[in-house]
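A.B. asks:
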Amino acid sequence: MRIDVTSLLVADQARALAFYTDILGFQKKRDIPLGDASWLTVVSPDRPDGVELLLEPTRFEPAQTFQKALYDAGIPLTVFAVDDVQRDYERLLGLGVVFSVPPTQMGPVRLAVFDDTCGNRIQLAQTL
1 MRIDVTSLLV ADQARALAFY TDILGFQKKR DIPLGDASWL TVVSPDRPDG
51 VELLLEPTRF EPAQTFQKAL YDAGIPLTVF AVDDVQRDYE RLLGLGVVFS
101 VPPTQMGPVR LAVFDDTCGN RIQLAQTL
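Counting with full-length UniProt numbering, you get residues 1 to 128 for the letters of the sequence shown.
(1) Who are the near neighbours of Q67 in its chain, counting only those whose CB is closer than 6 angstroms to its CB and skipping five residues on each side?
(2) Compare the C-alpha of R2 against each of T127, Q13, D36 and G50 and name the closest.
(3) What's the C-alpha gap between T21 and V79?
(4) Hey, would you say V101 sits closer than 7 angstroms to V109, going by beta carbons?
(5) What are the boundary residues of the beta strand (DSSP E) that A81 is part of?
(6) Assuming V43 and Q27 are in contact, meaning their beta carbons sit under 8 angstroms apart, how far apart are those beta carbons, in whole angstroms?
(7) Considering only residues of the UniProt domain "VOC" (2–127), which uninterrupted beta strand (DSSP E) runs meet the minimum length of 3 residues and lie entirely inside it, listed in chain order?
(8) Let me make sure I understand the geometry here. Which of E90, D31, T117 and E52 has the alpha-carbon closest to that of R15?
(9) For P76, tell me which candidate among I23, A11, Q123 and P103 has the shortest Cα-Cα distance.
(10) Please name the residue in A18, L24 and L70 whose C-alpha comes closest to that of G94.
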């Protein structure tokens, strides 16, 4: 068994695609129209054949409630691994990304948390 696709709830697929590609640097992999939404995935440019991140629209109320509850509690919906949290923090700050947690050491991990503009807090993590 392996993970090929994992999903991330987003309030707006077009805004999410722009943020995840233009700001974070992911690449669009699939955009398959499915009525008023798409099967829309992005991948790391370092691993174009790796795990796909599905930008899943929050079309039904339980998903919206779940997403808002996590956000309001300050809990990241997912974690992205990075080589240097401080470097990525500074780069993203320069692009206008808002962080709720600046680079912080927690045991063997340095982390930071930002708002993805699509209803989520996302954690960056660097294993030390």
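Where is the CB? At the ideal position from N, CA and C, for every residue including glycine.
C.D. replies: Let me spell this out:
(1) Sequence-distant Cβ neighbours of Q67 in its own chain, meaning closer than 6 angstroms and more than five residues away, are L9, T58 and G119.
(2) Scanning T127, Q13, D36 and G50 for the CA closest to the CA of R2 turns up G50.
(3) Rounded to the nearest angstrom, the two C-alpha atoms are 17 angstroms apart.
(4) It is not a contact, given that the beta carbons lie outside the stated cut-off.
(5) That run of the beta strand (DSSP E) goes T78 to A81.
(6) Your pair V43 and Q27 checks out as a contact, with CB atoms roughly 6 angstroms apart and the cut at 8 angstroms.
(7) Counting whole runs of 3 or more residues, the UniProt domain "VOC" (2–127) contains the beta strand (DSSP E) stretches 5–10, 27–34, 37–43, 52–57, 78–81, 99–106, 109–115 and 121–127.
(8) The closest CA to that of R15, considering only E90, D31, T117 and E52, is found on T117.
(9) Cα-wise, what sits closest to P76 is Q123.
(10) Answer by Cα proximity: L24.
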